[in-house]
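Worksheet: the structure to be examined is printed underneath.
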Amino acid sequence: MKVTVVGAGAVGATCADNIARKELAKELVLLDIKEGLAEGKAQDMMQTATLLGFDTTIIGSTNDYSKTAGSDVVVITSGIPRKPGMTREDLIGTNAGIVKGVCENILKHSPDAIIIVISNPMDTMTQLALTATGLPKHRIIGMGGTLDSARFKYQLSQRLGCSPSDLNAVVVGGHGDTTMIPLIRLATWNSVPVTKFLDADQQKQVVADTMVGGATLTKLIGTSAWYAPGAAGAALVESILRDEKKLFTCCVSLNGEYGQKDICLGVPVVIGRKGWEKILDFGLNAEEQAEFNKSADAVRSMNDVLKTL
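The working numbering applies: residue 7 is where the sequence shown begins, and numbers increase by one.
Take a look at the structure:
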């Protein structure tokens with residue numbers, strides 16, 4: 007198996023590091039436009055191989071897409087990161103051109119690749135990847151909800167004083183501070199609803215803290231987070247290459263599911279060797295569906311910006 011990670015910044019390098027440590031692929035290509043960056047980080051990671059006990063070969067490339075040929079999965083992290091005070095939407099103009107160019111170059115050498123989009127604004131970049139490539143929809147996956155759900159579990163674990171691994175909690179909708187929808191009604195602690203342990207005010211606080219999770223980290227560290235986003239991307243790669251059929255929230259193309267169509271938005275999907283394989287209907291109540299529709303409207307407004315570029 008072969009994986010390419012485009013973008014050797016903090017998120018891309020972290021994603022690549024996770025993939026290598028788990029030996030998900032025989033060959034891993036790390037590509038970046040900045041001279042020497044990908045080569046340097048690839049060499050640095052390879053020097054940990056004997057210390058960490060992995061045999062994946064990591065190759066760095068400065069914008070030479072021929073080295074990515076035959077990739078089974080491609081993770082796109084490239085683009086400018088968020089700075090304090092910036093929204094994901096502020097990135098659309100610059101990152102749209104970058105993501106479109108990456109998709110075109112990747113498919114010249116890996117026409118059968120499954121593409122995972124991490125670049126922000128993630129929902130709109132996923133929509134762009136789908137329309138720009140013309141690939142079957144099951145081969146285009148936006149990572150956002152996977153990360154948001156992990157952040158939701160973290161916030162719940164802090165409030166409940168429990169292990170995040172004992173929690174099941176899902177965030178649907180857009181990957182944005184005002185568009186994501188943490189489904190606290192459906193969240194469970196070892197199959198017991200968390201609403202049994204949290205009062206209404208505590209539930210609202212957990213939801214609010216989850217929604218600003220990315221912005222909180224951007225304010226604290228001065229740029230976008232990278233450990234959790236990189237790990238989320240690697241988790242999707244693992245489920246694809248090992249055909250694990252794991253359930254993640256991912257941004258995928260909807261055709262009537264959850265009352266929406268002609269849009270890429272975060273919903274629960276099964277991830278396996280063919281990409282995303284099916285969408286699960288969690289049965290939103292009226293209030294949740296209204297929020298989901300509102301989220302879709304906001305994402306559509308962002309997508310409309312693509313038409314002006």
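Glycine is no exception: its CB is placed at the ideal position from the N, C-alpha and C atoms.
C-alpha gap between I285 and C256, whole angstroms: Approximately 10 Å between the Cα atoms of the pair.
Expected contact under 8 Å - CB spacing of V80 and I112 to nearest Å: 5 Å
3 or more residues per run - each beta strand (DSSP E) lying fully within the region 181 to 250: 186 to 188
Residue ranges of each beta strand (DSSP E) within the region 117 to 180, 3 or longer: Scanning the region 117 to 180 for uninterrupted beta strand (DSSP E) segments of 3 residues or longer gives 120 to 123, 146 to 148, 177 to 179, listed from N- to C-terminal end.
Enclosing beta strand (DSSP E) for L260 [first to last residue]: 252 to 261
Nearest candidate by alpha-carbon position, reference R248, set I227, T229, V276: V276
Cβ pair I104, V12 closer than 7 Å: It is not a contact, given that the beta carbons lie outside the stated cut-off.
Exposure label - N309; buried when at least 16 CB within 10 Å: buried
As assigned by DSSP and simplified to three states, the class of S84: coil
Cβ contact (3+ pairs, closer than 8 Å) linking the region 61 to 70 and the region 220 to 236: no
Cβ pair L153, L162 closer than 7 Å: Taking 7 Å as the Cβ cut-off, L153 and L162 do not qualify as a contacting pair.
Secondary structure of K8, DSSP reduced to three states: strand
Buried versus exposed, by CB contacts within 10 Å (16 or more), Q53: exposed
Nearest to E33 (by Cα), restricted to the options R157, T74, I269, L43: T74
Unbroken alpha helix (DSSP H) run spanning T56, endpoints: 55 to 58
V311 versus I98 - alpha carbon distance: Cα to Cα, V311 sits roughly 8 Å from I98.
Three-pair Cβ contact test at 8 Å for the region 164 to 182 versus the region 191 to 199: Output reads yes: the region 191 to 199 touches the region 164 to 182.
Proximity test, G148 beta-carbon vs the ligand NAP heavy atom, cut-off 6 Å: Here there are no bound small molecules, and the ligand NAP is not part of this structure.
Own chain, CB closer than 6 Å to G278, minus 5 neighbours either side, in chain order: D249, K251
Option nearest D61 by Cα separation, candidates I25, G85, I86, G140: With distances taken between Cα atoms, D61 lies closest to I25.
Nonlocal neighbours in the same chain, by C-beta distance under 7 Å from I124, ignoring five residues either side: V17, V81, I82, T83, M149, P235, G239
Three-state secondary structure (DSSP) of G107: helix
Alpha-carbon to alpha-carbon, I86 and K267: 29 Å
Residue nearest to N101 in terms of C-alpha spacing, selected from Q133, A55, D118, N291: Q133
Anticipated Cβ contact below 8 Å, G219 with R157, distance rounded: 4 Å
Alpha carbon of L37 to alpha carbon of D50, nearest angstrom: Each residue's Cα considered, the two are about 14 Å apart.
Sheet register partners of V275 (DSSP bridge): F254, I285
Under 7 Å between C-beta atoms of T224 and P90: yes
Per DSSP, cross-strand counterpart(s) of T68: D38.
Nonlocal neighbours in the same chain, by C-beta distance under 8 Å from I187, ignoring five residues either side: V177, V178, G179, E294, E297, F298, S301
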